[in-house]
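Numbering (the numbering used here), first residue to last: 2 to 331. From the three backbone atoms N, C-alpha and C, an ideal C-beta is built for every residue, glycine too. All figures in this text were calculated on a predicted structure; none of them were measured in a lab. Take a look at the structure set out below.
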């Protein structure tokens with residue numbers, strides 16, 4: 002069922018304003034965690050995205066390392082993300098997830114069903130070469146918050162580090178991509194990041210509700226179309242991607258729009274054309290998460306990249322950015 006913009010507008014007379022700036026409910030406050038994963042999704046766990054596997058079928062095969070792998074080390078490297086700063090995408094373990102995306106100096110986005118554990122170590126690389134120097138390491142704090150939507154919990158997770166990013170480390174902090182209406186996102190091209198530090202492309206097909214697990218999560222979906230306009234770059238989410246980000250490129254600036262959540266498949270090895278993947282849709286929850294941050298008496302704010310940026314007018318409340326043309330609409 003398509004996401005009902007009119008229903009969401011009933012929160013206030015501000016229309017899209019109410020979608021982007023949902024206030025923090027007592028439900029979100031009551032779900033601030035003290036060091037453990039939430040259990041409410043136990044019956045709706047997207048196991049396919051939790052398993053350790055390669056990222057995304059690309060074209061008729063799997064991804065081409067020289068084009069899609071951020072840390073490919075050979076002279077024929079033609080990484081499609083070379084012009085962008087990926088340093089704010091961190092990971093736990095050995096660098097293959099769980100994933101986190103920095104949106105303030107201390108707070109990050111991930112998925113509720115698969116995010117870095119409290120007191121675990123996470124790593125960030127400042128560039129696209131993981132052999133030139135060791136990664137910068139940080140520790141996950143005993144705090145977290147799941148976004149709430151229409152009186153239900155979603156798969157979108159806000160976590161934090163035990164200490165802010167060191168400015169000398171040069172780790173990126175990303176704004177959230179903001180458009181006035183939900184339907185404006187349809188047709189916008191995205192860059193997705195997942196296991197094993199691999200990047201692909203797709204186009205937002207719809208903003209809808211979770212069609213796989215019937216949770217309260219608003220989902221941004223995209224369709225695997227290996228014979229479409231994006232060709233071999235088109236992506237489909239697979240095991241280990243959960244919690245990783247999808248970005249919109251605004252000029253040379255990345256703005257986060259989703260975190261990887263669900264997919265659909267019939268357990269065959271190679272993804273089939275027409276299969277859909279879905280991200281938890283981030284723009285709805287900026288103010289809700291900012292209220293959670295303020296509740297912690299933190300002087301930090303998640304910022305947005307809004308239409309003034311699309312027109313080349315940088316606003317003080319958001320990082321500067323530019324685009325050559327507005328996002329495509331369908």
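| Asked | Found |
| --- | --- |
| By how many angstroms is the C-alpha of residue 198 removed from the C-alpha of residue 237? | 15 Å |
| DSSP state of residue 80, grouped into three classes? | coil |
| Residue 221 and residue 252 look like a contact to me (Cβ under 8 Å); what is the Cβ gap, rounded to whole Å? | The Cβ separation is near 21 Å, so there is no contact. |
| Let me know the secondary structure DSSP gives residue 93 once reduced to three states. | strand |
| Looking at the unbroken alpha helix (DSSP H) that takes in residue 248, where does it start and where does it end? | Note, residue 248: premise wrong, no alpha helix (DSSP H); beta strand (DSSP E) at 246–251. |
| What distance in whole Å lies between the Cβ atoms of residue 244 and residue 99, which are believed to be in contact at a cut-off of 8 Å? | 5 Å |
| Tell me where the alpha helix (DSSP H) around residue 288 begins and ends. | 287–296 |
| Could you check the C-alpha separation between residue 195 and residue 162 for me, to the nearest Å? | 21 Å |
| Please classify residue 140: is it buried, with 16 or more other beta-carbons within 10 angstroms of its beta-carbon, or exposed? | exposed |
| Note down the Cα distance separating residue 78 from residue 128, rounded to an integer number of angstroms. | 14 Å |
| Quick one: residues in its chain with C-beta nearer than 7 Å to the C-beta of residue 67, no 5 flanking neighbours on either side, listed in chain order? | 73, 75, 77, 78 and 79 |
| Between 164, 104, 93 and 151, which lies nearest to residue 217 when the distance is taken from Cα to Cα? | 151 |
| Using CA atoms only, rank isn't needed, just tell me which of 178, 115 and 89 is closest to residue 147. | 115 |
| Evaluate contact between the region 102–111 and the region 293–310, counting only Cβ atoms and requiring at least three cross-stretch pairs below 8 Å. | yes |
| What does a CB cutoff of less than 6 Å around residue 193 pick up in its chain, not counting 5 residues either side in sequence? | 201, 236 and 247 |
| Mark residue 69 as exposed unless 16 or more other C-beta atoms lie within 10 angstroms of its C-beta, in which case mark it buried. | buried |
| Give me the residue from 81, 304, 305 and 165 with the minimum Cα distance to residue 191. | 81 |
| How would you write the range of the beta strand (DSSP E) that residue 239 sits in, first residue to last? | Element bounds for residue 239: n/a, residue is neither H nor E. |
| For residue 231 and residue 203, I'd like the C-alpha separation in whole angstroms. | 7 Å |
| Is residue 257 near residue 137, with beta carbons less than 9 Å apart? | no |
| Which value, in whole angstroms, describes the spacing of the CA atoms of residue 292 and residue 227? | 41 Å |
| Run through the DSSP bridge pairs and tell me what residue 219 is partnered with. | 210 |
| According to DSSP, residue 254 sits in a beta bridge with which residue or residues? | 251 |
| Candidates 255, 149 and 213: which alpha carbon is nearest residue 83's? | 255 |
| Within 10 angstroms of the Cβ of residue 288, are there 16 or more other Cβ atoms? Answer buried if so, exposed if not. | buried |
| With DSSP as the reference, please indicate the residues paired to residue 122 in a beta bridge. | 140 |
| Report the rounded CA-to-CA distance for residue 170 versus residue 261, giving the unit in angstroms. | 26 Å |
| Just to confirm before moving on: does the CB-CB distance between residue 210 and residue 276 stay below 9 Å? | no |
| Indicate the three-state DSSP secondary structure (helix, strand or coil) for residue 109 in the structure shown. | strand |
| Could you tell me the alpha carbon to alpha carbon distance between residue 142 and residue 165, rounded to whole angstroms? | 11 Å |
| From the DSSP output, read off the bridge partner residues of residue 231. | Paired residues: none, contrary to the question. |
| If you reduce the DSSP assignment to three classes, tell me which class residue 224 lands in. | strand |
| Can you pull the DSSP bridge partners for residue 299? | Answer by DSSP bridge pairing: none, since residue 299 is not bridged. |
| Do the CB positions of residue 145 and residue 159 come within less than 9 Å of each other? | yes |
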